[in-house]
DNA sequence: GATGCGATTCACT
DNA sequence: GTGAATCGCATCG
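Residue numbers (the working numbering): 39 to 254.
The structure is reproduced here in structure tokens:
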């Protein structure tokens, strides 16, 4: 039989509204939120570091800067869904789609603290020496949660989704710091769209854009 | 059709 | 601190 159309609850509607704003405004509000993965044994992570990426034309560092393609399509899609991309031939990174109606953008989840399923996270991240290293980096966090390209585009606000974002967990008294984004060169390199929980040990160490050639 | 490089991580010097 | 690993994608010819 045909399942009834899902009725979004009030928390989900509130979250959807919160994410329907420019990524740069949404990103700091994701700090302290919970990412819960039921892909395999449950692992939950408290978000401690994020970066904002805007849409076409406005942010040269964004995957959505040039135009919509098959790869970045999720960034143009519904707010609150996942954008998962593959980079360096081996790493997956997770974004939360956030933008105003008709535009594109999202927030890269750069780091978090594993608060549930530490042993499961450790078995996925055998090279991590300390617990604080388990999700201290975008690709590390994705591994912790078991996220791959298979999760690209899924709805993070659907209560039955295997990967969920819980905004209601956000506490009020977080010390938020901001600064330039990591790994960005050229235009947009100085935009302070990286946000983190000040003093949190799980925040990934800042690296300026890979000092390739010609420093100037 | 070919090519260069990336929103990174890890091991090693 | 530096370099290798590794491949899909966007750009260029």
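The beta-carbon is built from N, C-alpha and C at its ideal position, and this holds for glycine as well.
All figures in this text were calculated on a predicted structure; none of them were measured in a lab.
Between the segment 173–182 and the segment 93–104, can you find at least three pairs of beta-carbon atoms closer than 8 Å?
Judged by pairs of C-beta atoms under 8 Å, the segment 93–104 does not touch the segment 173–182, as fewer than three such pairs exist.
Compute the Euclidean distance between the alpha carbons of residue 68 and residue 43, then round it to the nearest angstrom.
28 Å
Determine the DSSP secondary structure at residue 87, reduced to helix, strand or coil.
Residue state, collapsed to three classes: strand.
Given residue 87 as reference, the closest of 169, 151, 211 and 229 once Cα atoms are compared:
151
For the beta strand (DSSP E) containing residue 216, list its first residue and its last residue.
214–217
Let me check understanding here. Comparing Cα to Cα, which of 198, 223 and 200 lies closest to residue 245?
223
DSSP three-state assignment for residue 64, whether helix, strand or coil
In this structure, residue 64 counts as helix in the three-state DSSP scheme.
Between 39, 50 and 126, which lies nearest to residue 198 when the distance is taken from Cα to Cα?
Checked all of 39, 50 and 126; the closest Cα to residue 198 is 50.
Excluding the 5 residues flanking residue 230 on each side, which residues of the same chain have their C-beta closer than 7 Å to its C-beta?
Cβ neighbours of residue 230 beyond the five flanking positions: 216, 217 and 218.
Between the Cα of residue 70 and the Cα atoms of 45, 203, 155 and 185, which residue gives the shortest distance?
203
Return the first residue and the last residue of the alpha helix (DSSP H) that residue 156 is part of.
If you look at residue 156, you'll find it in the alpha helix (DSSP H) that goes 156–162.
Could you give the distance in angstroms between the alpha-carbon of residue 76 and the alpha-carbon of residue 163?
17 Å
Residues of its chain near residue 191, where Cβ-Cβ distance is below 7 Å and the 5 sequence neighbours each way are ignored:
112, 115, 119 and 120
Counting along the chain, where does the beta strand (DSSP E) carrying residue 125 start and finish?
First-last of the beta strand (DSSP E) with residue 125: 120–125.
Could you check where the beta strand (DSSP E) with residue 183 kicks off and where it finishes?
The continuous stretches of beta strand (DSSP E) do not include residue 183, which lies in the alpha helix (DSSP H) extending over residues 176–183.
Tell me, please, which residues DSSP counts as bridged to residue 147.
88
Selected residue, minimal CA-CA separation from residue 195, among 40, 73 and 85:
73
So the candidates are 149, 184 and 139; which of them puts its Cα closest to the Cα of residue 158?
184
With residue 90 and residue 145 assumed to form a contact (beta carbons below 8 Å), what rounded beta-carbon distance in angstroms separates them?
5 Å
Rounded to the nearest angstrom, what separates residue 135 and residue 154 at their Cα positions?
24 Å
First and last residue of the uninterrupted alpha helix (DSSP H) at residue 202:
Counting along the chain, residue 202 falls outside any alpha helix (DSSP H), though it belongs to the beta strand (DSSP E) covering 201–204.
Helix, strand or coil for residue 69? Go by DSSP, reduced to three states.
coil
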